[in-house]
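The numbers in this note's numbering rise by one with no breaks, and the one at position 173 of the sequence shown is 238.
So the structure is just underneath, and the comments pick up after that.
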Amino acid sequence: MHGQHNPPACVIGLRRLAPSPGALQVPECRFSPSPENAVNTPLPATSTLRSEHSVAKQLFLGNILEENLFPYPEIRARDREMLGAMTDAIDQFLADKTAELKQYDRDAEQPTEFIQALREMGLFGLIIPEEFGGLELSNGAYARVLGQTSSHDSSVSLTIGAHSSIGMKGLLLFGSDEQKQRYLPKLATGEMIAAFCLTESGAGSDAASIRTKAVRNDDGSWTLSGEKIWITNGGIADFYTVFARTDTPEGKITAFIVEAKWPGVSHGPHEDKMGIRASSTTTVAFADVQVPAQNVLGPVGKGFKVAMSILNSGRTGLGGGAVGGMRTLIRLACAQAKERKQFGQPIAEYGLVREKIAQMTMDCFAAESAVWMVAHLIDAGGSDYSVEAAMSKVFASEAVQRASYEALQIAAGNGFMREFPYEQITRDTRILSIFEGTNEILRLYIALSGLKGVGVGLSELKAAVGDIFNDPIKGFGVLGSYTGRRMREATGYGVDRIAHELSPRLRKVAATYEKYTVELSKSSDALLRRYGKKVADQQHAQKRLADIAIDLFVGLCVLSRADSLEKQSHPASAQAVSIAEMFARQARRRMARNVRGLERNEDAAVEQLAGAVLANDGYMWDVI
66 MHGQHNPPAC
76 VIGLRRLAPS
86 PGALQVPECR
96 FSPSPENAVN
106 TPLPATSTLR
116 SEHSVAKQLF
126 LGNILEENLF
136 PYPEIRARDR
146 EMLGAMTDAI
156 DQFLADKTAE
166 LKQYDRDAEQ
176 PTEFIQALRE
186 MGLFGLIIPE
196 EFGGLELSNG
206 AYARVLGQTS
216 SHDSSVSLTI
226 GAHSSIGMKG
236 LLLFGSDEQK
246 QRYLPKLATG
256 EMIAAFCLTE
266 SGAGSDAASI
276 RTKAVRNDDG
286 SWTLSGEKIW
296 ITNGGIADFY
306 TVFARTDTPE
316 GKITAFIVEA
326 KWPGVSHGPH
336 EDKMGIRASS
346 TTTVAFADVQ
356 VPAQNVLGPV
366 GKGFKVAMSI
376 LNSGRTGLGG
386 GAVGGMRTLI
396 RLACAQAKER
406 KQFGQPIAEY
416 GLVREKIAQM
426 TMDCFAAESA
436 VWMVAHLIDA
446 GGSDYSVEAA
456 MSKVFASEAV
466 QRASYEALQI
476 AAGNGFMREF
486 PYEQITRDTR
496 ILSIFEGTNE
506 ILRLYIALSG
516 LKGVGVGLSE
526 LKAAVGDIFN
536 DPIKGFGVLG
546 SYTGRRMREA
556 TGYGVDRIAH
566 ELSPRLRKVA
576 ATYEKYTVEL
586 SKSSDALLRR
596 YGKKVADQQH
606 AQKRLADIAI
616 DLFVGLCVLS
626 RADSLEKQSH
636 PASAQAVSIA
646 EMFARQARRR
656 MARNVRGLER
666 NEDAAVEQLA
676 GAVLANDGYM
686 WDVI
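Here's what the structure looks like:
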């Protein structure tokens, strides 16, 4: 697929790094940016892009922010040119190493010569600005590269992604000029590999509960003590972004840049993991480590904001990796279905096998559409994209897990054997719903973030009613806005109906999302009125709201992409429109079920049963 690209000299530099003794042979190049494109311009954005607004949060208010969704974003020419060369080179390098990669999985380690080969290919500098020796890829292009590495091996993608997406991302987002000058050139070449040190025992999803401490000394330096667990790249990193409790007047958590070579820094052995076994995962310990004042990352006391910003902006990489995995699984499933015969014909002729392949393809298209849209929103200067990033991560991570099960099922007995790739892919993908915020926590975050906006509206309404005679203009303004929204909700019409010109088939798809955007708004309003502040305790309801919102956002991304492909007369545009229709039908059924579930459900019975099992410490019955 990628052989059609002819890597231009302007993209593939002629300079080759001298390999270290015993290094693996890599393609005859290191990626270099085009001299004539030294300035990395942002992705094209429509002039009407409302960068201050969140598409996802507006859905809870009954609005479809079509200015940010249509037309579907296109890759910029610079990235397209470079990606063609990069994906070819990655394929050339990794495709011949299938046996070696399987052995790395068994050994639970990537050898030093393999890490060196990744350095020589320039894969540690993907998102670092050109002025520091990096490639300065956009978020979308970066996600596509991780997708390509994931299509061969998830551990390779993770080693690169943990370095770029989270390990040194804080330096890009919050680092001082001095910090960037000191570290980014070394991070770009891979001379320094980065890791993200947040998780602790008892402080995973609850990042605010970290116990690692940093005490400020009289000279302004800090003494850092504590231990982090499950740190990706922990055993090979030279650069750690570390979060510690500081209990200062400025705030309780602060981020620090810590070098692995400093006295008091150590790491444990490689963890024996279920999947992504070849990637380095270790504990990292800090025993009275002296951290200079200039190595504080971001403002003192604002470490929680730093951590969340890193995770939010890094989720496109994880989503891109999931998409790459799905593309491989679909290719494997197609080959297996055509080659394997049962009852005298290929199993590709059987309806239930074709159903699996179609569903995998639809899920991949949807995940890719959402991941690329989020990447574009970031690249186009969006300031509020955390909920969209969470949605794309949840959807993509669960989609690739479903695909791995279905591809293994198509492979039947072969899928269960270690000789074939299915079992490793199934093991590798399982971590994705845990990484970078568990999907359960992210669903609660999605729902509560959306409800917050609805709650502000209700508060404004309450204030307006109370003050209507003192300030009638303000009062009637708020009342008018709220009444208008409630009228639209009651009738089911209006609500920022999509004005973008769509074909008749896609107009029907759009009508589904318009209807359920109204339902989401009505349900959110009702939930807040019923529970008030106690809505934070209603996790079952929050999950249903989040799932409605995820279906809406992902579905709108699919709609926008299908529309653009149709208008471009893409060779597979008809299939894209069909996917948009099928996704909308499936989403409509899921959304209808979740709306009903807010009123009619078994939540109380579920809570009671779980309580009884917990009290009994397990299952309570036996046939003997």
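Note that beta-carbon positions come from the ideal geometry of N, C-alpha and C, so glycine has one too.
query	result
Pairwise C-alpha distance: Gln604 and Ser374	24 Å
Pairwise C-alpha distance: Ile613 and Tyr305	38 Å
is_contact[His217, chain B] using C-beta, thresh 8 Å	The structure shown contains no chain B; it holds only a single protein chain.
The region 615 to 626 in contact with the region 638 to 650 per 3-pair CB rule at 8 Å	yes
Proximal residues to Gly368 (C-beta, below 6 Å), its chain only, five neighbours per side dropped	Phe308, Ile318, Thr319 and Ala320
Gln359, buried or exposed, once every other Cβ within 10 Å from all chains shown has been counted against 16	exposed
Residues near Ile412 in its chain [Cβ-Cβ closer than 6 Å; skip 5 each side]	Ala402, Arg405 and Val418
At least three beta-carbon pairs within less than 8 Å, the region 123 to 139 to the region 586 to 596	yes
Status (buried if at least 16 other CB within 10 Å, exposed otherwise) for Met391	buried
Cβ-based neighbour list, Thr311, same chain, cut-off 6 Å, excluding 5 preceding and 5 following	Ala279 and Thr319
Burial state of Gln407 (16 or more Cβ within 10 Å)	exposed
Burial state of Thr177 (16 or more Cβ within 10 Å)	exposed
Three-way DSSP call (helix, strand, coil) for Phe189 in this model	coil
Every unbroken beta strand (DSSP E) inside the region 332 to 397 [3 residues or more]	346 to 356
Distance, Ile422 Cα to Gly416 Cα	10 Å
Per-residue burial, Thr163 [other beta carbons within 10 Å of its own, 16 or more giving buried]	exposed
Per-residue burial, Val678 [other beta carbons within 10 Å of its own, 16 or more giving buried]	exposed
Ala435 to Ala208 span [Cα, whole Å]	12 Å
Own chain residues within Cβ distance below 7 Å of Met427, not counting five before or after	Ile644, Met647 and Phe648
Backbone CA spacing between Tyr581 and Ala591 [nearest angstrom]	15 Å
Assigned secondary structure, Gln410 (DSSP; H/G/I helix, E/B strand, else coil)	strand
Through-space distance from Leu383 to Trp471, alpha-carbon basis	Correcting the residue type first, residue 471 is Glu in the shown sequence and not Trp. In a straight line, the C-alpha of Glu471 is about 21 Å away from that of Leu383.
Whether Gly212 touches Val459 by CB criterion (8 Å)	no
Neighbourhood of Leu397 by C-beta distance below 8 Å, restricted to the same chain and skipping five residues each side	Ala472, Ala476, Pro486 and Tyr487
Sequence ranges, alpha helix (DSSP H) only - wholly within the region 143 to 174, length at least 4	163 to 172
Continuous alpha helix (DSSP H) stretch holding Arg141: start and end	No alpha helix (DSSP H) holds Arg141; DSSP gives it neither H nor E.
N-terminal and C-terminal residue of the alpha helix (DSSP H) that Gly205 is part of	Asn204 to Ser215
Distance between Ala564 and Asp161 (C-alpha atoms, nearest Å)	50 Å
Distance CB(Asp141)-CB(Ser203) smaller than 8 Å	A small correction: the amino acid at residue 141 is Arg; Asp does not occupy that position in the sequence shown. It is a contact, given that the beta carbons lie within the stated cut-off.
Continuous alpha helix (DSSP H) assignments of at least 4 residues falling wholly in the region 463 to 495	487 to 494
For Thr306, the residue or residues it bridges with in DSSP	Phe261 and Ile322
Thr313, DSSP secondary structure in three states	strand
Met233 versus Phe261: straight-line alpha-carbon distance, rounded	8 Å
Residues near Glu174 in its chain [Cβ-Cβ closer than 8 Å; skip 5 each side]	His335, Ala343 and Ser345
Beta-bridge pairing of Glu292 - partner residues as DSSP gives them	Ala350
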